[in-house]
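This report concerns only the one structure given below.
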Amino acid sequence: MSSEPPQRTRQAMRRGPGAIIGVGIIGVVFLAALVGIIHTPFDPIEINADNRLSAPSLQHWLGTDEWGRDITSRLLAGAVVSVTIGLLTSLLATASGTLIGAAAGYLGGWLDRIVIAVMDALLAFPSLIMALGIVAVFSGSQWAVVAALSFSYMPSVVRVVRASVLTIRRKDFVDASTVMGNSRGFTLGRHILPNTVGMVIVLATSLFGWALLAESALSFLGLGVPPPAPSWGGMLADSRNYFEEAPWLALAPGLTISLTLLGINLLGDALRDFFDPRNRNL
Amino acid sequence: MARYLAGRLLLTLPTLLLATALIFFMVRLVPGDPAQVLLGDIENPAALARIRASLGLDRPIWMQYVLWLGRVLQGDLGMSIVQQRPVAELLWSAFGVTASLVVPSVVLAVLLAVPAGSLAAWKHNQPADAGIMAVATLFLSIPSFWLGLLFLLVFGVKLDLFPVVGYVSPLEDLREGLRYLVLPVLSLALIETGVLVRMVRSSTLDVLSLEYVTHARAKGLSEWTVMWRHVLRNAMAPTWTLIGLTLGALLGGAVVTETVFTLPGLGRLMVEAIFARDYPVLQGCMLLVTTTYVAVNLLIELSYPLFDPGVRLEQ
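Rendered as structure tokens:
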């Protein structure tokens, strides 16, 4: 038992530099978000008409947009929005999904059947469409985006957690706990849920990436974080009007989103290798 | 087989019924009165009441749902509040546009991903594998709307090879229509390829590690025969599921790609309906998307026995 973790770590490391690059990128993004909270070189929102669409320079590293706002500052402030929405969504969807999935899988019976029926109906919507529908109802703030995305990802978590609880439930140590007279709640909390932790962490990492991507997609469509608050997707959407004069407007936010997602994907792969060696090929 | 089919069909009915209720009530939670939207900024309670009555908005909400569902089952999805045209008509033409974008994209993605993924698995842990995986992970990480924008910037604006804005139906003018579809199809396909390659590789690796593959090789079968006859076919089942999920999701969810390339597809229609508070159109879109998604996945599930005779039909 004691020799197992080092071996798994070695297996994960075999994947090469991916894991390290992933952790590095995510570190930079979180750092950027932190910097974005504390200080940005220029005001990310205030309009400066004299400085419209200026090309990248020493003063404005990534240039300025159609309102004369510094792109670097907007990317930093946008990192705060993206990371907050990604983390909150991932946390909310994972927590609610684990709770519902574990209860349904462990308690079974009518509760399980109702949960499965409702989740199947929710999963009949592609997640972005579900999010669009919810955002249409509660439009106008980043909390609406968090609620919409959490709700659209929650059913997937429920399904995965329920399936894994159903498998673990049949293990001998669960029977042993029951025979020892432990309550069902104790058995669930002490013996079943801890065995799903690795899988839930892997899932939560993917959810963080999906949420970040979906948030930029929603903002790109004009249905996400309302302007003038900076968001990477919104910046991309605005860049479309100045394609010929200012192509850097489309490059910076797009590259930022792509690199962040690359980091999350690499980290997710490494975590999957570590926690779930059976699926290491994915 | 017929019983299996009927059983599966019957099982999807409650799902669809619950989904329709969800669509109906969710759309009703949208703040703002569509009658007032129709009327504009004019303050006229009598006219407002008349419009509300003509839209059926004055009845109890559960009654509105039952009446709506009854009409939907007869194919009547109501009238668009903004465009004053039947919703079914709008959906039909938008669905055609989306399908002409999504179906070629998914086909192209499969044609790229299956050989690439199998090759990566076959050359496991060799440079070819690492290269293919790196490219796939890269494409997986690029948002489709950004790739689309880059394509527009390079091939549309700079090189002037393809049109930047607009849409011509390939049914009306094949040559011109295809020119409008090349960039959107390519950008969507490349990103889906990233997802699919990883799945094909993973399931091929799973199959390659099974004993019967070693057995087949030990029999002296050529590597080609082993891969083609014994590995690929069995590795396709999980990939097939993912293809179905992708196809189903994209038929309603190519929203951002449609927005980048200003294609008048289903996703675009839905976003515009959200902005205009056009309830019937929004409901119609969600209904069509959901039904398509469920139907495509059902078809995929029903086709499992073709790939894997081991799937027990009575389950």
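For the record, the sequence lines run as chains A and B.
For what it's worth, the working numbering labels the leading residue of the first sequence as 21, then goes sequentially.
For what it's worth, the working numbering labels the leading residue of the second sequence as 660, then goes sequentially.
Ideal placement from N, C-alpha and C gives every residue a C-beta, glycine not left out.
| query | result |
| --- | --- |
| Backbone secondary structure at M738 of chain B - three-state DSSP | strand |
| Cutoff 7 Å; reference T276 of chain A; Cβ partners in own chain excluding five residues on either side | L95, W252 |
| Beta-carbon contacts of S259 of chain A that lie in its chain and below 6 Å, excluding the five residues immediately before and after | L269, A270 |
| T905 of chain B, DSSP secondary structure in three states | helix |
| Reduced DSSP category for P786 of chain B - H, G, I as helix; E, B as strand; rest coil | helix |
| P976 of chain B (DSSP reduced to helix, strand or coil) | What is shown of chain B runs 660 to 974, which leaves residue 976 of chain B out entirely. |
| Coil, strand or helix - P745 of chain B by DSSP | strand |
| Strand pairing of T84 of chain A, partner residues [DSSP] | A:D90 |
| Through-space distance from V827 of chain B to L922 of chain B, alpha-carbon basis | 9 Å |
| Where T921 of chain B sits in the DSSP three-state scheme | coil |
| Contact belief for L880 of chain B with L849 of chain B at Cβ below 8 Å, rounded distance in angstroms | With 8 Å as the limit, L880 of chain B and L849 of chain B do not qualify as a contact, their Cβ atoms being about 35 Å apart. |
| Residue of A:V178, A:A249, A:G42 minimising C-alpha distance to A115 of chain A | A:V178 |
| Close Cβ partners of P273 of chain A (< 6 Å) along its chain, the five nearest in sequence each way excluded | W252, M255, L256 |
| Sequence-distant residues of its chain with Cβ nearer than 7 Å to V773 of chain B (five each side left out) | V859 |
| For A234 of chain A, the three-state DSSP class (helix, strand or coil) | helix |
| Coarse secondary structure for F684 of chain B, derived from DSSP in three states | helix |
| Listed by chain order, chain B residues near L282 of chain A by CB distance under 9 Å | T796, L797, L799, S800, I801 |
| CB contact check: A678 of chain B to chain A, cutoff 8 Å | yes |
| Run of the alpha helix (DSSP H) containing E66 of chain A, from where it starts to where it stops | Looking at the DSSP string, E66 of chain A is not in any alpha helix (DSSP H), and its letter there is neither H nor E. |
| Per-residue contacts from D140 of chain A into chain B (C-beta, under 7 Å) | T674 |
| Closer than 7 Å at the beta carbon, the chain B residues around I277 of chain A | P802, W805 |
| Within-8 Å CB hit, T873 of chain B to chain A | no |
| Beta carbon proximity, M722 of chain B to chain A, threshold 8 Å | no |
| Chain B contact for R2 of chain A (CB, 8 Å cutoff) | What the structure shows of chain A is the stretch from 21 to 302, and residue 2 of chain A is not part of that stretch, so it cannot be assessed. |
| Span separating the alpha-carbon of V157 of chain A from that of W230 of chain A | 21 Å |
| Boundaries (first-last residue) of the alpha helix (DSSP H) holding E265 of chain A | Looking at the DSSP string, E265 of chain A is not in any alpha helix (DSSP H), and its letter there is neither H nor E. |
| E264 of chain A at chain B interface by Cβ criterion, 8 Å | yes |
| Per-residue contacts from G153 of chain A into chain B (C-beta, under 7 Å) | M685, M945 |
| DSSP three-state assignment for M895 of chain B, whether helix, strand or coil | helix |
| Start and end residues, alpha helix (DSSP H) containing T950 of chain B | 938–961 |
| Beta-carbon gap between L287 of chain A and A234 of chain A smaller than 8 Å | no |
| Residues, ordered as in the chain, of the stretch 929–940 of chain B that lie near chain A by beta-carbon distance below 7 Å | M929, V930, I933 |
| Enclosing alpha helix (DSSP H) for W805 of chain B [first to last residue] | 803–810 |
| Three CB pairs or more closer than 8 Å across the stretch 933–949 of chain B and the stretch 888–900 of chain B | no |
| Reduced DSSP category for N202 of chain A - H, G, I as helix; E, B as strand; rest coil | coil |
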